[in-house]
Amino acid sequence: GRIAIAALAAGAALGCLEQALAYAHDRTVFGSPLGTRQHIAFTIAGMQARVHTAQLAWQHAARLRDAGHPFKTEAAIAKLVAGEAAMANAREATQIFGGNGFMEEYPVARFYRDAKILEIGEGTSEVQRMVIARNLGLPS
């Protein structure tokens with residue numbers, strides 16, 4: 136269901152973060168590691184924030200479900216947040232890798248493809264927003 140897809144998407148977002156962080160430490164540009172550039176550091180910090188948010192969202196929805204409490208809205212929120220986090224982190228990791236981001240020998244290329252599937256699976260972001268709006272008593 137949505138919670139499982141959200142957990143997978145949070146994992147993909149984390150994988151993108153880990154790859155980007157390692158590359159930023161290892162890749163040297165003009166004599167210094169890529170990660171010493173403020174823009175790269177801030178981009179990776181944003182990736183970490185998305186991973187953290189996605190993990191909290193799916194774990195909260197899972198706890199509600201496991202306790203037998205209503206969880207449909209939280210599952211939709213988790214799917215929305217985690218799916219969009221995976222896609223954003225894949226896009227930013229690819230950007231950090233530059234041309235190498237599309238090379239099959241780097242996992243980032245696979246993460247980019249997988250993130251799109253995770254963003255769509257179990258309902259697109261628009262569908263999740265409809266579910267959330269409807270559960271708030273709004274027209275969707």
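Residue numbers (our numbering): 136 to 275. Even for Gly, the Cβ is constructed at its ideal location relative to N, Cα and C. For clarity, every value in this text was computed on a predicted model and none was experimentally measured.
Cα-Cα separation, residue i to residue j
i	j	result
Y252	A159	In the sequence as presented, Tyr is not what sits at residue 252; that position holds Ile. Taking the straight line joining both Cα atoms gives about 26 Å.
A180	Q190	16 Å
L169	A144	26 Å
H166	H195	The sequence as given places Gly at residue 166; His does not occur at that position. Looking at the two C-alpha atoms, the distance is approximately 44 Å.
E261	E219	11 Å
I110	G146	No statement about residue 110 is possible, as the shown extent of the chain runs from 136 to 275 and does not include it.
G258	V266	10 Å
F232	T163	12 Å
R264	P274	11 Å
Residue i in three-state terms, based on DSSP
i	result
S275	coil
P205	coil
For residue j and residue i, believed in contact at Cβ under 8 Å, the rounded distance
i	j	result
A192	A217	6 Å
K213	I138	Contrary to the premise, residue 213 reads as Ala rather than Lys in this sequence. Contact flag correct, Cβ pair sits at about 6 Å.
Enclosing alpha helix (DSSP H) for residue i [first to last residue]
i	result
R269	S260 to N270
G146	R137 to D161
L169	It is not in any alpha helix (DSSP H) - L169 carries neither H nor E in the DSSP assignment.
E254	P242 to I255
Of the residues the options, the one placed nearest residue i, counting alpha carbons only
i	options	result
A148	G256, Y247, V262 and P274	Y247
N270	A211, A184 and T163	A211
A225	L215, A213 and P242	P242
E254	M222, E153 and M182	M222
E227	I140, H187, G150 and A142	G150
A155	R172, M182, F237 and H187	M182
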